[in-house]
Structures are given as C-alpha cells and as structure tokens.
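As structure tokens, the structure follows; a few thoughts come after it.
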Amino acid sequence: MAPNGFSRRAALTLGGGVAAGLAAPPFRRVRAAEVLHVNTWGGIWERAAIKNLFEPFTRDTGVEIRPVSPVSFAKLAQQVRSGAYEFDVTTLGAGEIIRANQANLLEKLDNTDLVKNPPFLGAAFQNGASSHAFATVIAYQKAKYPNGGPQNWADFWNLQKFPGSRCMQRYAARILPIALVADGVPMDKLYPLDINRAFASLDKIKPAVRTWWTQGQQSQQLLRDGEIDCIALWHARTLELIDQNQPVEIVWNQAEIERAYWVVARGTPNRDNALRYLEASVKPERVAGFCRDSANGPLNPAAFNFLSEAEAARMPTAPAYRGKVFEQDILNFGGDVNAATQRFERWIGT
Amino acid sequence: MSASLAPARSSLRSWLLVAPLIVFLIAFFLVPLAQVAIMSVSDPEWGLGHYVEIATDGFHLRVLADTFLTALIVSLCCLLLGFPLAYAMAAAPPALAAAMMVVVTMSFWTSFLVRTYAWMVLLGSRGPVAHLFSWFGLTAPELLFTRFSSTVAMTHILLPYMVLSLYGVLKRIEPSLPRSAASLGAPPSSVIRHVVLPLAAPGIVNGLTLVFVLCLGFYVTPILLGSPREQMVAGVIGQQVEEFLAFGEASAMAVVLLASTLVVLGLYHRRFGLDRLWG
Amino acid sequence: MHLALILLGAVVLAFVAMPLLIVVPMSFSTAVSLEFPPPGWWTGYYAAYFSDARWTTPTLNSLGIAAAVSVLTVLLVTPATFAVVRHRFVGKGLVNLALMLPLAVPHIVMAIGYYAFLADIRLLQTFPGIVLAHTALSVPLAFLVLSANLKGFDRGLERAALSLGATPARTFLHVTMPVLWPGFAAAALFAFVQSFDETVVALFISGRDTETLPRKMFDSIRTTADPVIAVVSTLLFAAVAVLVIAPVLWRAVSRRRSEARP
C-alpha cells in the first residue's frame, strides 16, 4: 500500500499534463526546491497577494509560494497542536492575534528586522507584521431599498424602518463593537467594551440574521445571489461587487477599521523562509501594490509614496473618511477575547 | 475446508482467518474510538466536568433536543414519502419497477454533498422554487438557512434508505393476498390498513431506525444549509474541535451522541437482530 | 387508496429525481453562483475544472485513496468473511458484531477520534492515515456484500474439486474465485465508493497535500458556490449512472443470451 507514491505519480502524469501546462499561473511553474504555503482569503485578495507579494518574493529568493485557502483560525491552532501544517503563514485580524498569542500559536518576531530595525513605527504588533487596514462596512441591495438603505449601524439594527434579512461575520471581536455602536455608544467611547450590553444589543437583531458568514467569498456570494438584503462585510469585497455592476450599495459611514497582520505558525519547518516572507511583505512598494489591487489601506506609511491620490481614496484609511469611521482597540478590549468568542458562538447557536 | 475437523482446531483456524481484520479494527477503529471516550474525561483535566456541563448548562440539552426532534421529523417525513413510492414500485409492472429502482438507487449512491448542493440551488432566492412563487405573483419566503431547508434536504438524502427497506417487505407480501382480501369484500383502504401495513411493519421499523440513526449524526447538510440557530449535535462537536480545540467538551458530546445511537440500535437489536438492519 | 398511493408515489419519485437532475443544466450555466434557471450556457466551468490543479489534484487524491482502500478492505475482509459464513467457532457472535460496529458509530465521532489518534502517531494529513481510517469505515459494507454472496455459493463445487485432488489454494483460485468474483468486485466497489464519498472524517484528517474531493467540494460550496461544483456533481452523477445502469443492462443482455442458447 503506497498511496502516497502512486497518486503523486498519477498527479505528475495526468495533472502535470492537463493542469499545470494549461492555465496555471506562471508562479506555479517555478520548480523551486523550497515551498512556502500561505493562507489566503481567495478571490480579489488572493490575486492581489500573488501578483504583488508572492511573485516578487519568489523572484528574490527562489522560494515558491503556494496559496492555501480557506482561511481558518482554527486550522492555525490545530496545526500547532498536531504538527501537521496546512500553511506556514497566514493573516490575522486584531481579535485573532490576541487569541493566537494567548494560545502560543505564533512564532516570535524578536530576531527579525521587524523588531530589531523596524521599517516604520508599529511594524510589529503581537508577533504579527503590520500589513494593511480594512473595514467592515454596511452593504445592501439597491432593489430592496430603492429610497436608500441603512446609513449607520443603528439603521442596520432597525428592522421596522429597514425590514429584510441580515448577515454578519461570525467573528466576535469584530461584531461586538458594532453592536455597541448600533446601541448608541459613541464611536470614540467604545473601549473597553461593555460586553453584556453588546450581547443585549445583538439579541435585538438576531431574528433577522439568516446566516453568519465565515469566508470573504461567501459574503459576496450571499449578496450576489440575493440571499441577503443587508450585510456587514469587508469594504474591498463590496467594491469588487460594485465594480462587477452588481446592484449593491456601500455605506462608508461608521465603518469599522481594523488592522491585518501577517503571522508565522509556531513550529513550522519553514520558519526561516516564513520570517523572511514577513519582512518582505511590508516593503512599501509591495504593500502598495497589494493594497492598490485589493483596495486595502497600507499600514506602512511609505507605501503612500507609490500610490496615487485616486487610488488612496478607495482605501478605508483615506482622509475623506476620517471622523466617519472608528478603529478597533483590541488591547483595550474589555474582557477575555477568547471567552467572548466562546460566548458568541453559543449565543449564535441558541 | 472440510467440516470434519475437530471443533477446537477449527476454532483456531477460524480465528486465524479473522485475526488480521480484528487486529486492524482494534488498532484503527476501537483505539481511536476509545480515545474519544478518554478525552471526554481527561481533556483538559480528569473528571466528569464536561458531562455535568452538558446536563446542566441548557445549551447542550437544547442542541440535543433539537437534534432528536429533527431526526424524528426527518424519519416521519421519510416514512410518509417513502411508503407511497415503495408501494408504487411494488405494484408497478417489472420494467417500470426496475426503472423506478434505478432512480432510487442513483439517488442512494449520489454523494451527500452533491445532493446538498442541489438543494442550495433549488431553494436559493434565485432558484427555481423562488421563480415559481414569482410566477404566481407571490414573494418567495426565505428558504435557505432555515429548519425547513435542512429538513427537506436531509429527508431527500435519507429517503432511499427508507424506500429500499420498505420495498423489500412490500415486494415479499404475496401479491394475491390483498386481492383475496378484497375479493372477500374488504374495501381497498381497509386492505391497506389491515393487511399491507401490518405485513410491512418490519420494513417500516427498519427504515425508521436507519433513517433516525443516520440523521442523529448528520454533519454536512445542516452546516451548509441549515439555520445557525438550530444546530445539530454533530455540528456543535465539529465546531468545538475546529474553532476552540476543545477536545474534551467535543468528545463528551460525541459520547452522548454515540450512546444515543447505540441505545436506538440496541433496542432494535433486542427485538429484531442487528444483522437484519442493513440486510 | 391504492390509486392515490401510486399517484403519490409518482410525485415522490419526481421529488427524488429532481435534485439529481438539476445539477446537469447547472454545470453548463454561465451563472457566477447559485442562479437557476441559468442566465446563459457554456462549457467554461468544465474547462475550469479540468485545468485547475486545485480541483484535479483532490480528484486524483480521492481516486488513489479509494483504490487503496478497496484493495486493503477486500484483503482484510475476505478471509474473515469465509470464517464467519462457513465456520462455527467460539466468539463468532462477537466477531460478527465487531465487524458491523463501524456502521453504527456516527462519522463525526470517528472524525475527532481519528483526528487525535492520527496526530499522536504522526499520520494526520497523510495518505496512509486517510486510507487506514477509510478502510475501517468500509469494513461493514464490504463484509455484508461479500457474506451475502458467499451464503449463496454452492460448496459442492469446492468439495468436488478437493475430492479430485486439487489443493485448497488451487480450488480457491480456480473454482471459488471464478464463481464469486462478482461478489469480490461488489465488495471492492462498495469500499471504493464509501471512501470516495466520505466527507466528515476527511474534513478533519485530510490536509493541504492530501486534500480529498469531498473536502474540496465542501470548502467550495461554503465559499464561492460556483458551478464548478455542479460540474463535479455531474461527473459524479454520470459515474453513478454508469455503475447503477450497467449491471441492470448486463443482466438483461446475459439473460437474453442464455435464453437464446438451446
């Protein structure tokens, strides 16, 4: 019994001929000895990362990068425990990076240039390399609300004024602050969070939430198929749908800005290359290219030297949105993020 | 392979034939299974804490109750739909019955995922069912991500088990028996009620047991198209492992699920003998 | 009531068939995700499936795993089935029950069991790990199929061969096998399909380099829900159609042939 051997041989003959030759993007043909597996969010995000981050890294180092999806915080935890690695590098949001450090899931960055010789202020945060800012915004079906849909989170919560189905991300640290804003807490007085009040606020919208999305492409599919009237999702996913002429409106008001960080899974055999990738991924010209194509906001200020004003205007960090948006303050969360996540999961299920 | 050997030697030889499989099953089935039981009382620390929690915290009991209720509803739906189909197959001329059998068998063999996906297409808000509503000038209700959608899909997926169980017994009922009852003056409905149904009872019990047990452990379909508020046990178990690596809690739930399954199967076994169930 | 039942049966048959049939037109659709009826027709998603290593690799993985599972299952189950069907021995009832047990345990229970177990022996996310797990889960069906065939086997043939001086091994090879091969084939097929379709355990124990087709389909349904899934579904459905219809036709043809003979 050698399934390993024969299927690889089969993959070489069949897959090699049919698949690799025809449509595989060029980076796949680089038969580098070393391979790094990077967890991506698929869709527009992955295309931007391949072009601006992965391919340049392979050109510099000869290390091939293979995207792996879907993104799963759970997988990160599992692989450290089991020693079987799906990916070496992934991105985490602020809530997850706290949970990941609590559970000791991340490689330390202390010996990298991100810490020893930081390229910009805050380049490293909680063992993550600061990459980009993204926003959770309101989007709605234009056809459902011809006279304009919800303009803020209180509207989103208002089922009398804006009847229709709702959908949000299954991500406690991101949803709880939004629930407080909807309940009337001023955006600059959110933290530390009043977690009980947030759940009480969530109770009010729960009957309308048909499902909770976990993957970026899933949120787009739900909106595109008309399954959901009104959704809280990432700005870049919404912009992509609008660019594809989907009848969808985006609301920037009260957008929740959050930072994304590249991290290395603790114990991965590819640790050294993974850390090199992290250093390379925050280079200004690369992160600028990634953000241009994925409509995210670069956290490395030098990246703006490579971006036009028009390009910067699509990003949640653009000056035009200042004052209308709020940012996460995860270090001042107001409770144990992991416990809040457990409670959130149970709350969803009942 | 003659039968004239002494019983003791024959026993030894039989065991030699059986041994590789038994060793394999112990190593790669019973050990992993036992690990679940052990984790339920040892992760993160030794004790019955997880079971106490399941029995007392409301959430788990609700999930369990939901799961049993769903399994019950799905089993009854399968019976209500499966009986007429099996009856029609038994009554149909052989060629037609064979064609119907092909349809049922193909459904049986088609992957759960394929059928789940098909229901997502059917019940989606841009799907044929929604179009049907709008032809009649009605707004389609929300179908996906509800108890309705997961119940329909699970019924559809498990229906072939019921039909195949029922068809077996209905086919065996002497075709002339209902007719002779009818010729004695019994109206057709009472023939079905008093002659066919009692004779089909073993098949009904069989089908109900199979569907109920399979439904208890359903994982994929409720996750993909069910309501997030009405989770089934399997989904919660998977989530505890995937999201929180809470192996202890997940294992305790798994043990409860396994025990429920075994109780149902045990009841069946005492009454009918397990080897008939999948026969 | 007789007629009403039959009419209702016809409706239920449509209910059974409809979801199977919808995946076929869906696979030729130009829709981006779950839209039906299709806004337009093309074969682009077929090209997408066959040219994307992210689909073809899991397909080949699943085929390889299933092939290994069917071989291993038949090798393990065959001697045991002969013993259980033909011999009386101490502990036979227990063996019988043990062979059926994998059918009684919900897959999610085994999924977490295998997850912890295979991680401990460093076989998580490896081909051998998946093959071992799937083989254990395939045992009961293969055993049921094979024992049903074996019970119907006329042992007089074997006795005749043995009494004519053939060794047990030769008897098995030249008498038992030729008669029972459809049983072996069916057992192997059941094991193959069981492994090829198995989703829940594979979701937990397969990994990046050992991804199986059901796992890929599950992820894909959950993220993009694009018609590539319909393409895979149609291909699987076609394979099932061949498997189900071929024996029916074959039996019909061979019956006619044997009737034609004097």
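Protein chains in written order, with my numbering: chain A, 1 to 350; chain B, 1001 to 1279; chain C, 2001 to 2262.
Virtual Cβ for every residue (Gly too), placed ideally from N, Cα, C.
Per-residue DSSP class, three states only, for residue i
i, result
"arginine 29 of chain A", "Per-residue confidence for arginine 29 of chain A stands at a pLDDT of 43, beneath the threshold of 50, marking its modelled position as unreliable; the derived number appears in the next sentence. Three-state result, arginine 29 of chain A: helix."
"methionine 2018 of chain C", "helix"
"phenylalanine 326 of chain A", "strand"
"leucine 1267 of chain B", "helix"
"proline 301 of chain A", "helix"
"glycine 2113 of chain C", "helix"
"threonine 211 of chain A", "strand"
"leucine 2141 of chain C", "helix"
"alanine 2068 of chain C", "helix"
"proline 2247 of chain C", "helix"
"glutamate 1230 of chain B", "coil"
"alanine 295 of chain A", "coil"
"serine 1107 of chain B", "helix"
"tryptophan 234 of chain A", "strand"
"asparagine 39 of chain A", "strand"
"arginine 2215 of chain C", "helix"
"isoleucine 138 of chain A", "strand"
"tryptophan 2042 of chain C", "coil"
"glutamine 169 of chain A", "strand"
"asparagine 117 of chain A", "coil"
Under 8 Å from the C-beta of residue i: neighbouring residues of chain C
i, result
"glycine 1203 of chain B", "Here the premise fails: no neighbours, minimum Cβ distance about 15 Å."
"glutamate 86 of chain A", "Gln2125, Gly2207, Arg2208"
"histidine 37 of chain A", "Arg2208"
Under 9 Å between C-beta atoms of residue i and residue j
i, j, result
"leucine 233 of chain A", "threonine 136 of chain A", "yes"
"alanine 103 of chain A", "alanine 77 of chain A", "yes"
"tyrosine 261 of chain A", "glycine 128 of chain A", "yes"
"proline 2037 of chain C", "valine 1018 of chain B", "no"
"isoleucine 1192 of chain B", "histidine 2002 of chain C", "yes"
"arginine 276 of chain A", "leucine 105 of chain A", "no"
"methionine 2217 of chain C", "tyrosine 1219 of chain B", "no"
"glutamate 1163 of chain B", "valine 2242 of chain C", "This sequence places valine at residue 1163 of chain B; glutamate is not what is there. No, the Cβ-Cβ distance between valine 1163 of chain B and valine 2242 of chain C is not below 9 Å."
"serine 1107 of chain B", "arginine 1115 of chain B", "yes"
"alanine 1252 of chain B", "isoleucine 1038 of chain B", "no"
"alanine 274 of chain A", "valine 35 of chain A", "no"
"threonine 1261 of chain B", "valine 2105 of chain C", "yes"
Contact list for residue i against chain A, beta-carbon separation under 8 Å
i, result
"arginine 2222 of chain C", "Pro70, Thr214, Gln215, Gln218"
Contacts of residue i in chain A (Cβ-Cβ under 7 Å)
i, result
"alanine 2225 of chain C", "Gln221"
"serine 1125 of chain B", "Asp225, Gly226, Glu227"
"leucine 1245 of chain B", "Ala77, Gln78, Arg81"
CA nearest to the CA of residue i, picked from the options
i, options, result
"valine 1205 of chain B", "B/Gly1273, B/Thr1056, B/Val1018", "B/Gly1273"
"phenylalanine 375 of chain A", "C/Asp2209, C/Ala2225, C/Glu2198, C/Leu2060", "In the structure as shown, chain A begins at 1 and stops at 350. Residue 375 of chain A is therefore absent and cannot be evaluated."
"lysine 206 of chain A", "A/Thr238, A/Gln79, A/Leu159", "A/Leu159"
"valine 1103 of chain B", "C/Arg2215, C/Gly2009, C/Met2001", "C/Gly2009"
"phenylalanine 344 of chain A", "B/Pro1228, B/Thr1261, B/Leu1061, B/Pro1044", "B/Pro1228"
"glycine 323 of chain A", "A/Pro56, A/Pro118, A/Ala255, A/Asn245", "A/Ala255"
"threonine 1110 of chain B", "C/Ser2206, C/Val2023, C/Ala2014, C/Thr2212", "C/Val2023"
"aspartate 336 of chain A", "A/Gly184, A/Ala172, A/Asp183", "A/Ala172"
"glutamine 244 of chain A", "C/Leu2180, C/Val2201, C/Val2071, C/Val2032", "C/Val2032"
"glycine 148 of chain A", "A/Val251, A/Asp60, A/Ile98", "A/Val251"
"valine 1233 of chain B", "B/Val1063, B/Ile1223, B/Gly1047, B/Arg1147", "B/Val1063"
"glycine 2152 of chain C", "C/Pro2102, C/Arg2086, C/Phe2127, C/Glu2211", "C/Arg2086"
"leucine 1012 of chain B", "C/Ile2108, C/Leu2013, C/Val2090", "C/Val2090"
Chain A contact residues for residue i, given Cβ-Cβ distances below 9 Å
i, result
"alanine 2119 of chain C", "Gln78, Arg81, Ser82, Gly83, Ala84"
"glycine 1248 of chain B", "Correct list: empty, because the minimum Cβ distance to chain A is about 13 Å."
Proximal chain C residues relative to residue i, where beta-carbon distance stays under 7 Å
i, result
"arginine 224 of chain A", "Val2032, Ser2033"
"glutamine 1035 of chain B", "Gly2113, Ala2116, Phe2117"
Proximal residues of chain B, C-beta to C-beta of residue i below 7 Å
i, result
"methionine 2026 of chain C", "Val1121"
"glycine 335 of chain A", "Those within 7 Å of glycine 335 of chain A in chain B number zero; the least Cβ separation is about 17 Å."
Interface residues of chain B facing residue i [CB-CB closer than 9 Å]
i, result
"histidine 2107 of chain C", "Gly1217, Tyr1219, Ala1234"
9 Å Cβ cut-off: residues of chain C touching residue i
i, result
"glycine 42 of chain A", "Thr2223, Thr2224"
Amino acids of chain B, ordered along the chain, whose beta-carbon sits closer than 8 Å to that of residue i
i, result
"phenylalanine 2237 of chain C", "Met1106, Thr1110, Val1114"
Count Cβ pairs between the stretch 1153–1161 of chain B and the stretch 1200–1211 of chain B that sit closer than 8 Å; are there 3 or more? In this structure the stretch 1153–1161 of chain B touches the stretch 1200–1211 of chain B; the number of beta carbon pairs closer than 8 Å is three or more.
Meets three-Cβ-pair contact criterion under 8 Å: the stretch 2231–2248 of chain C and the stretch 2018–2037 of chain C: yes
Could you tell me whether the stretch 39–52 of chain A touches the stretch 63–74 of chain A, using the rule of 3 or more Cβ pairs below 8 Å? yes
Counting Cβ pairs closer than 8 Å, one from the stretch 2044–2061 of chain C and one from the stretch 2221–2228 of chain C, do we hit at least three? yes
Three or more C-beta pairs below 8 Å linking the stretch 2064–2075 of chain C and the stretch 2180–2189 of chain C: Contact holds: three or more Cβ-Cβ distances are below 8 Å.
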